[in-house]
Amino acid sequence: MPQMRAIQVSEFGNPDVLEHVEVERPSPSEGEVLIKVKVAGVNYADTMRRRNQYLEETPLPFVPGSEVSGVVAEVGAGVEDVKERDRVVTLLRTGGYAQYAVAPGRNLISIPNGMDFEEAAAIPLQGLTAYHVLKSSGMLRQGEGVLVHAAAGGVGTLAVQMAKLMGASPIIATASTQEKLNLAKELGADVLINYTEEDWPEKVREATSGEGVDLILEMVGGDFVQKNLECLAAFGRIVVYGSASGERGSLIPANLMLKNQVVAGFYLPQLMGGRPELVEPSLEEILGWLASGELSLTIDARYPLEKAQEAHDALEGRQTTGKVVLNL
Ligand code: NDP
Numbered sequence: 009m010p011q012m013r014a015i016q017v018s019e020f021g022n023p024d025v026l027e028h029v030e031v032e033r034p035s036p037s038e039g040e041v042l043i044k045v046k047v048a049g050v051n052y053a054d055t056m057r058r059r060n061q062y063l064e065e066t067p068l069p070f071v072p073g074s075e076v077s078g079v080v081a082e083v084g085a086g087v088e089d090v091k092e093r094d095r096v097v098t099l100l101r102t103g104g105y106a107q108y109a110v111a112p113g114r115n116l117i118s119i120p121n122g123m124d125f126e127e128a129a130a131i132p133l134q135g136l137t138a139y140h141v142l143k144s145s146g147m148l149r150q151g152e153g154v155l156v157h158a159a160a161g162g163v164g165t166l167a168v169q170m171a172k173l174m175g176a177s178p179i180i181a182t183a184s185t186q187e188k189l190n191l192a193k194e195l196g197a198d199v200l201i202n203y204t205e206e207d208w209p210e211k212v213r214e215a216t217s218g219e220g221v222d223l224i225l226e227m228v229g230g231d232f233v234q235k236n237l238e239c240l241a242a243f244g245r246i247v248v249y250g251s252a253s254g255e256r257g258s259l260i261p262a263n264l265m266l267k268n269q270v271v272a273g274f275y276l277p278q279l280m281g282g283r284p285e286l287v288e289p290s291l292e293e294i295l296g297w298l299a300s301g302e303l304s305l306t307i308d309a310r311y312p313l314e315k316a317q318e319a320h321d322a323l324e325g326r327q328t329t330g331k332v333v334l335n336l
């Protein structure tokens, strides 16, 4: 059987469990395609799977990687409207950190002319998440204030810009360094808060005339879950879509009654599988913003496949801004 280079996880743990190995090249089953991977997106989800802290457990051994762009190398039975050499980007559960990956034929996104493989790999996972936490789960309305945590991150850089495009005001950004806050400002944030140094709920209240903010994008976890409530407006919404601190946090639902508040959850794989009709229009809108230059991608860190450990170290160590990719 043909072999390929890949990154494999054989035991859960720190980034050093990411091994650069030779494994058997997969072949597409019915309804699948084989993609020759050019760029693999590195996402927080991959680090959480590696630690076995993801929402669903991943059987060992596995090749991590939930987002690839590349060229269709083989088309499985029953896949229509796709041919070899098509340039595509797609989401996977695992398998992306490899020279070849199999993917369902139905979720492929054609890469528009003029867009390179790196740019394409920076769009679906973080782009669709940023869009839907704001619009579908967050139900953002024109003129409402939004608090974006980790605003210089992969999802954060896109959420700040999309919030602006959706008419949010003010856009309040938190991050751990001044450099990251400067980036958030360049992307359109109105209020900047270093949440590792300042009393951030107090700063959010100050920025909203004491009322609190209408929508909070929550992905830190731990005591942030509760603290968000200290600066959420009446009828405000919190969308929980991650727990980068590794602590899930907790809150008492009955406390939400006091100010008619809502806490929602968001999980992209559920949206892709359960509400596919929401995906295409949002993707079109995102691609339209990119084509018009209203939305920009921040691709900050590039590593060769064999340096996946360094990529995970940097992402978990809060060293990166925007998108992190592996080049093959
Ligand atoms: P990021 O590029 O945003 O990197 C994570 C950032 O989290 C860090 O840069 C850091 O920013 C911030 N952070 C805050 N607290 C901590 C902490 N204790 N340890 C480490 N980092 C911390 O990653 P992604 O854009 O890939 O993902 C952002 C979040 O969105 C993650 O929680 C991820 O799991 C989630 N996500 C969820 C999806 C879903 O379907 N629900 C889909 C995609 C992403 P700073 O230094 O500024 O604090």
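In this note's numbering, the protein residues as written are 9 to 336.
C-beta: ideal position from N, C-alpha, C; glycine also.
All values derive from a computational prediction rather than experimental measurement.
For residue i and residue j, which I take to be in contact (beta-carbon distance under 8 Å), what is that distance rounded to the nearest angstrom?
i	j	result
Ala303	Met174	Ala is not the amino acid found at residue 303; the sequence shown has Leu there. That pair is no contact at about 11 Å.
Pro120	Leu295	6 Å
Gly220	Gly257	Going by Cβ atoms, the distance from Gly220 to Gly257 rounds to 19 Å, so no, they are not a contact pair.
Val41	Ala111	6 Å
Gly113	Lys331	Contact doesn't hold; Cβ gap of about 25 Å is too wide.
Ser177	Gly153	7 Å
Arg58	Leu26	7 Å
Ser145	Phe232	The Cβ separation is near 17 Å, so there is no contact.
Gly229	Glu255	5 Å
Tyr249	Thr137	6 Å
Val80	Val96	6 Å
Could you tell me if the beta carbon of residue i falls within a distance shorter than 7 Å of some heavy atom in the ligand NDP?
i	result
Val154	no
Gln134	yes
Gly146	no
Tyr52	yes
Ser184	yes
Leu286	no
Lys193	no
Ser290	no
Met227	yes
Thr66	no
Ala241	no
Lys188	yes
Thr216	no
Ser253	yes
Arg283	no
Met174	no
Met9	no
Met170	no
Glu318	no
Met56	yes
Val163	yes
Gly257	no
Glu324	yes
Report the partner residues of residue i according to the DSSP bridge assignment.
i	result
Ala48	Val76 and Leu334
His28	Ile15
Tyr108	Lys44
Ser118	Val96
Glu82	Leu42
Thr182	Ile201
Arg245	Leu223 and Val270
Among the options, whose alpha-carbon lies nearest the alpha-carbon of residue i?
i	options	result
Ile43	Lys91, Glu27 and Glu19	Lys91
Lys193	Pro10, Leu323, Glu214 and Val156	Val156
Asp198	Ser253, Ile179, Ser118 and Asp124	Ile179
Tyr311	Glu126, Gly78, Glu288 and Glu38	Glu126
Val31	Met12, Ala167, Asp231 and Asp24	Met12
Glu75	Asp94, Gly135 and Val25	Gly135
Tyr108	Pro10, Leu142 and Asn51	Pro10
Pro277	Tyr62, Gly86, Pro289 and Lys172	Tyr62
Lys211	Ile307, Asn236, Asn190 and Gly229	Asn236
Asp54	Ser37, Leu291, Gln317 and Phe232	Gln317
Glu19	Tyr52, Leu68, Val50 and Ser37	Leu68
Leu225	Ala272, Ile117, Arg57 and Leu336	Ala272
Glu65	Thr102, Val29, Val47 and Glu238	Thr102
Asn202	Glu285, Ala158 and Glu82	Ala158
Ala48	Thr329, Leu286, Arg326 and Ile307	Ile307
His140	Arg283, Arg33 and Glu238	Arg283
Gly21	Asn263, Val45 and Met56	Met56
Leu148	Leu223, Pro34 and Trp208	Leu223
Ala130	Asn190, Gly86 and Lys46	Lys46
Gly151	Val168, Lys172 and Ala160	Lys172
Using a Cβ-Cβ cut-off of 8 Å, state whether residue i counts as contacting chain B.
i	result
Lys188	The chain labelled as chain B is not found in the depicted structure, where only one protein chain is given.
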